[in-house]
Every structure is written in C-alpha cells, then in structure tokens.
Amino acid sequence: MKTMDNKENVIIRRAVPQDESFWLSLDEHISRSDLADKISAGACYVLVVAGDNAGILRYGLFWDNVPFCNMLVVAPGYRGRGFGSAMMRRWERDMADLGYCAALTSTRADETAHFFYRKLGYRKCGSIWPFWESSHPPEELFFVKSLLPPPRGYFLKSFL
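In structure tokens form, the structure reads like this:
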C-alpha cells in the first residue's frame, strides 16, 4: 500500500448525524443513542479521503478532566498509510487547544495497537484485567501522553 500523500484530499472533521451508518459499520461498541449524544457533544471525528469516509475517532473524558481516546478505527482499505497517526495528531492538537495537558488511551494486550501508540509518544501508565468479562479477555493496557506542560500539582504529573 502507498503511504499518505500530501496531495491526497484528506479531511479530518467532527462527525455529523449523517455519519451514523458509516460510524456503526466500524464501531460495534456504542449504541445509536450514545453515538448521537457523542456526535452532538463534538466528541467524534471522521476521516475523509478523496470524498470517502475512511476512519473514525471517538473520545470521552476520564475522571471528567482527561481526554481519553475510546475508539480509533481506520477502514481496511486505508490502513498503513498514516491516516490513524493523522487522526490522533488532530485530536491531540484539539485537546491541547482546549487546555488539556495530557491524553489517555488503552488497548488490549493482545492487539498490536500498543506499538502504534508507543510510536506516537504514548507511555504505558497502567493496566487492568477485565475480571467482569466472562470470556476472560487479555489485560487492558493504558497509555498517557503529555500534550502541554502540566500545571503545579497536576494529578497525572508523575506519569508525564
């Protein structure tokens, strides 16, 4: 596959209600009503390449004050070309512009996404075993990245 070319028409924009069908084709972890709420709150991004929807990013606020990327998916035909990195950079820039000094994300230990997040400058800051899942899935790894210098007394300072 070719890598992302600066000449490609690439747009990363906030999701709108008309994106619902595309979104739900990539994200099986959210209900229609919750997605509508997230879109209304501006917490969803859509990647558009040459006029085609090609990826999604959804976030929330951990402890109501730390941006947490809950979902990043690039459609199969667009993977490995730098679009996921571009989506993360856009989201991180937007979060920094809002004054957040750190960002969090997570992935299962058996998924290769942890290599992707490390490449983007995220550092492992913890993990949990999803004991509540009857299927006993692998450990969930949590990652943090500094976006801005933390203020004095910032509770995540020791991780940044």
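Taking my numbering, I'd label the letters of the sequence shown as residues 25 to 184.
For glycine and all other residues, C-beta sits at the position ideal for the given N, C-alpha and C.
As the structure is a prediction and not an experimental result, all values here were calculated from the model.
Please report the distance separating the alpha-carbon of residue i from that of residue j.
i: residue 75; j: residue 32; result: 10 angstroms
i: residue 116; j: residue 152; result: 24 angstroms
i: residue 78; j: residue 137; result: 18 angstroms
i: residue 128; j: residue 93; result: 6 angstroms
i: residue 143; j: residue 123; result: 23 angstroms
i: residue 155; j: residue 164; result: 11 angstroms
i: residue 71; j: residue 39; result: 9 angstroms
i: residue 135; j: residue 161; result: 11 angstroms
i: residue 80; j: residue 177; result: 34 angstroms
i: residue 148; j: residue 57; result: 32 angstroms
i: residue 89; j: residue 45; result: 30 angstroms
Along the chain, where does the alpha helix (DSSP H) containing residue i start, and where does it finish?
i: residue 107; result: 107-121
i: residue 44; result: 44-50
Assuming residue i contacts residue j under a Cβ cut-off of 8 angstroms, what Cβ separation, rounded to an integer in Å, is found between them?
i: residue 73; j: residue 34; result: 6 angstroms
i: residue 130; j: residue 167; result: 7 angstroms
i: residue 126; j: residue 171; result: 6 angstroms
i: residue 95; j: residue 69; result: The pair is not a contact, with the Cβ atoms about 10 angstroms apart (cut-off 8 angstroms).
i: residue 120; j: residue 50; result: No, residue 120 and residue 50 are not in contact; Cβ-Cβ is about 26 angstroms, not under 8 angstroms.
i: residue 145; j: residue 169; result: 5 angstroms
Is it buried or exposed for residue i, if we count other Cβ within 10 angstroms and need 16 for buried?
i: residue 43; result: buried
i: residue 37; result: exposed
i: residue 91; result: buried
i: residue 67; result: buried
i: residue 82; result: buried
i: residue 47; result: buried
i: residue 105; result: buried
Per DSSP, residue i is paired with what?
i: residue 164; result: 132, 152
i: residue 127; result: 169
i: residue 147; result: 168
i: residue 82; result: 68, 95
i: residue 89; result: According to DSSP, which records beta bridges pairwise, residue 89 is partnered with nothing at all.
i: residue 76; result: 73
What residue range is occupied by the uninterrupted beta strand (DSSP E) comprising residue i?
i: residue 36; result: 34-38
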